[in-house]
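Visitor:
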Amino acid sequence: VWAYVQTIKPVSNTVDVNQLAFPFDVRASLYVWRARYFTDERFQPDSNESDEWNRGAYIIKALAHCGACHTPRDALGGSITSRALQGAQVEEWYAPDISNGPRSVIRDWDVERLTKFLMGESENNHVALGSMARVVDDLSRMRPEDVKAVAVYLKNQPETDTEPPTPRGVAADEATRERWADVYAANCVSCHGTNGEGLDGVAASLVGAGGVVAAQPDNIISVLLEGVAPRGDYGLMPSFRTVLSDEEIAGVANHVRTSWGNDAPANATAAMVVTLRNMTEAAPGTTAATTCPAVAADMSNEAIRKEVTGLAGMSALDSDAMDRLAKAYKEAFPDATLTDTITNLGGLFCRDVLATGASKGTVVSRQLSFMNALVDIDSRQ
Numbered sequence: 045v046w047a048y049v050q051t052i053k054p055v056s057n058t059v060d061v062n063q064l065a066f067p068f069d070v071r072a073s074l075y076v077w078r079a080r081y082f083t084d085e086r087f088q089p090d091s092n093e094s095d096e097w098n099r100g101a102y103i104i105k106a107l108a109h110c111g112a113c114h115t116p117r118d119a120l121g122g123s124i125t126s127r128a129l130q131g132a133q134v135e136e137w138y139a140p141d142i143s144n145g146p147r148s149v150i151r152d153w154d155v156e157r158l159t160k161f162l163m164g165e166s167e168n169n170h171v172a173l174g175s176m177a178r179v180v181d182d183l184s185r186m187r188p189e190d191v192k193a194v195a196v197y198l199k200n201q202p203e204t205d206t207e208p209p210t211p212r213g214v215a216a217d218e219a220t221r222e223r224w225a226d227v228y229a230a231n232c233v234s235c236h237g238t239n240g241e242g243l244d245g246v247a248a249s250l251v252g253a254g255g256v257v258a259a260q261p262d263n264i265i266s267v268l269l270e271g272v273a274p275r276g277d278y279g280l281m282p283s284f285r286t287v288l289s290d291e292e293i294a295g296v297a298n299h300v301r302t303s304w305g306n307d308a309p310a311n312a313t314a315a316m317v318v319t320l321r322n323m324t325e326a327a328p329g330t331t332a333a334t335t336c337p338a339v340a341a342d343m344s345n346e347a348i349r350k351e352v353t354g355l356a357g358m359s360a361l362d363s364d365a366m367d368r369l370a371k372a373y374k375e376a377f378p379d380a381t382l383t384d385t386i387t388n389l390g391g392l393f394c395r396d397v398l399a400t401g402a403s404k405g406t407v408v409s410r411q412l413s414f415m416n417a418l419v420d421i422d423s424r425q
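For the sequence shown, our numbering gives the first residue as 45, with consecutive numbering after it.
(1) Give me the Cα-Cα distance between serine 162 and alanine 402, rounded to the nearest whole angstrom.
(2) Quick check: the Cα distance between threonine 159 and tyrosine 373, rounded to an integer number of angstroms?
(3) One question on the structure: do leucine 398 and leucine 280 come within less than 7 Å of each other, judged by their Cβ atoms?
(4) Quick check on tyrosine 228: buried or exposed, where buried means 16 or more other Cβ atoms within 10 Å of its Cβ?
(5) Only counting the same chain, and skipping five residues up and downstream in sequence, which positions put a Cβ closer than 6 Å to that of glutamate 203?
(6) Can you tell me which of Pro146, Glu292, Ala230 puts its alpha carbon nearest to the alpha carbon of threonine 220?
(7) Report buried or exposed for leucine 288, applying the criterion of at least 16 other Cβ atoms within 10 angstroms of its Cβ.
(8) Roughly how many whole angstroms lie between the Cα atoms of lysine 199 and valine 171?
(9) Tell me, which residues are paired with tyrosine 278 by DSSP?
(10) To the nearest angstrom, how far is it from the Cα of serine 409 to the Cα of valine 339?
(11) Classify arginine 395: buried if its beta carbon has 16 or more other beta carbons within 10 angstroms, exposed otherwise.
(12) Under 8 Å by Cβ, that's how I've got isoleucine 348 and alanine 376 pegged, so tell me the actual separation to the nearest angstrom.
(13) Does the beta carbon of lysine 350 fall short of 6 Å from some heavy atom of the ligand FAD?
(14) May I ask you to report which of helix, strand or coil DSSP gives arginine 424?
(15) Glutamate 270: which of Val317, Ala230, Ala308 sits nearest, CA to CA?
(16) Tell me the DSSP bridge mates of arginine 117?
(17) From Phe414, Ala310, Arg368, pick the residue whose C-alpha is nearest to that of serine 359; which is it?
(18) Would you report the Cα separation of isoleucine 104 and leucine 243, rounded to the nearest angstrom?
(19) Just to confirm, are proline 140 and valine 134 a CB contact at a threshold of 7 Å?
(20) According to DSSP, leucine 243 sits in a beta bridge with which residue or residues?
(21) Starting from valine 134, trace the beta strand (DSSP E) both ways and give me its first and last residue.
(22) Going by DSSP, which residues form a beta bridge with tyrosine 138?
(23) What three-state label does DSSP hand lysine 53 in the structure shown?
(24) Going by Cα to Cα distance, which pick from Glu156, Thr324, Ala230 is closest to asparagine 263?
(25) To the nearest whole angstrom, what separates the beta carbons of leucine 444 and glutamate 136, a pair I think is in contact under 8 Å?
(26) Three Cβ pairs or more, each shorter than 8 Å: is that satisfied between the region 113-120 and the region 295-312?
(27) So the candidates are Gln63, Ala108, Gly240, Pro146; which of them puts its Cα closest to the Cα of valine 179?
(28) Judging by CA-CA distance, which residue of Phe82, Asn92, Asp90 is the nearest neighbour of glycine 121?
(29) Please return the same chain residues whose Cβ sits closer than 6 Å to the Cβ of glutamate 241, not counting the five positions on each side in sequence.
Set out below in structure tokens:
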């Protein structure tokens with residue numbers, strides 16, 4: 045490698061020096077920060093705990109640095125150790141409370157369920173959001189026994205006397221709550237269902253999910269603004285950035301956080317949405333997905349979705365594959381009309397084509413071809 049680098053012609057490249065504002069430009073201030081927050085010591089195992097517990101503690105504290113996101117910080121940016129793992133803001137996301145406290149989002153989880161979640165397995169149809177999705181992707185590559193050790197440690201932390209501040213919800217009368225429910229029904233119910241449980245492999249459950257019931261509503265708001273790109277077994281979730289107003293997005297967040305047994309405070313506000321709107325942006329595909337027909341979770345199944353995904357990945361529609369798809373859909377849903385078939389299969393196809401990175405124009409063109417093919421098949425039957 046070095047021999048090759050030596051053959052490259054040098055270039056002139058002036059490096060811009062980072063200019064920090066006072067007092068951050070005073071390098072000596074780092075000594076003060078270091079003296080206040082840094083402890084020069086190695087990890088010390090607890091002899092009163094098991095090897096597995098200590099392994100999990102070592103991974104969390106020394107390797108994975110879970111507290112860097114989940115532990116709140118003071119005005120100087122130092123971790124508040126008395127509130128370790130009790131939840132904190134991370135850019136547009138909120139890393140929820142995973143401590144052994146009454147507001148922990150994993151308080152009612154057992155070791156097995158937490159291990160599966162950290163390994164990327166959608167136990168109870170719950171999936172990781174935002175930055176945590178990347179963490180789960182990394183953890184899924186670890187040895188299962190190490191991930192289990194993390195879960196063992198998290199589920200057996202010593203209790204603390206310090207509790208996080210109690211979040212307050214916004215006052216809302218019955219009419220306001222009905223408006224929240226109406227926005228959810230118009231935009232979310234086709235995937236997540238009237239009971240919020242979604243459908244495994246299609247839409248995640250909103251019931252008891254950590255990102256939903258966290259102390260702050262940032263995760264729900266950010267997902268609505270950004271959308272979710274396809275990953276694993278889950279497809280594309282559209283961005284509602286240009287579809288819903290700030291008030292409507294806050295209303296959906298509050299509805300989700302207070303429905304189906306979720307006991308999070310209704311503390312999402314339009315002002316929060318404005319702030320997060322300025323911090324985030326949506327990928328073109330997740331924004332365009334709002335133009336795809338909505339497909340109710342109970343109007344498709346895994347086999348049909350797999351067939352549609354295969355067709356979306358082709359450069360041109362395969363007539364035999366289209367015939368198989370139409371037949372399979374009719375067998376699975378014998379009462380479906382032609383309009384139902386076109387709407388539901390078309391909605392699935394639309395999102396799958398978007399997930400390939402195709403432009404909106406290409407999606408529209410392929411969508412029309414797909415719908416016309418379904419009409420032709422129906423006319424031949």
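Glycine included, each C-beta is placed from N, C-alpha and C at the ideal position.
Guide: Taking the definition as stated:
(1) The sequence shown places leucine at residue 162, not serine. Inter-residue distance for leucine 162 and alanine 402 is about 32 Å (C-alpha atoms, whole angstroms).
(2) Rounded to whole angstroms, threonine 159 to tyrosine 373 spans 36 Å at the Cα level.
(3) In this structure, the beta-carbon distance from leucine 398 to leucine 280 falls below 7 Å.
(4) With a 10 Å radius around the Cβ and a threshold of 16 neighbouring Cβ atoms, tyrosine 228 comes out buried.
(5) Correct list, in chain order: Asn144.
(6) Out of Pro146, Glu292, Ala230, Glu292 has the C-alpha closest to the C-alpha of threonine 220.
(7) Around the C-beta of leucine 288, 16 or more other C-beta atoms lie within 10 Å, and the residue is accordingly described as buried.
(8) Each residue's CA atom was taken as its position, placing lysine 199 and valine 171 some 19 Å apart.
(9) Tyrosine 278 is bridged by DSSP to Arg275.
(10) The C-alpha of valine 339 is placed about 20 Å away from the C-alpha of serine 409.
(11) Arginine 395 comes out buried.
(12) Between isoleucine 348 and alanine 376 the beta-carbon gap is near 6 Å, inside 8 Å, which marks them as a contact.
(13) Among the ligands in the structure shown, none appear at all, so the ligand FAD cannot be discussed.
(14) Three-state DSSP puts arginine 424 in a helix.
(15) It is Val317.
(16) Paired residues: Ser123.
(17) Taking only the C-alpha atoms, the option nearest serine 359 is Phe414.
(18) Roughly 32 Å separates the two Cα atoms.
(19) For the pair proline 140 and valine 134, the CB atoms are not nearer than the 7 Å cut-off.
(20) Paired residues: Ala247.
(21) Its beta strand (DSSP E) spans residues 132-134.
(22) According to DSSP, which records beta bridges pairwise, tyrosine 138 is partnered with Gln133.
(23) Shown here, lysine 53 sits in coil according to DSSP, grouped into three states, outside any helix or strand.
(24) If we check each option's Cα against that of asparagine 263, Thr324 comes out closest.
(25) There is simply no residue 444 to check, as the chain begins at 45 and stops at 425 in what is shown.
(26) Between the region 113-120 and the region 295-312, the count of C-beta pairs closer than 8 Å stays below three; the two stretches do not touch.
(27) Comparing Cα positions, the closest option is Ala108.
(28) Residue Phe82 is the option with its Cα nearest to glycine 121.
(29) Within the same chain, glutamate 241 has close Cβ partners Ser249, Val251.
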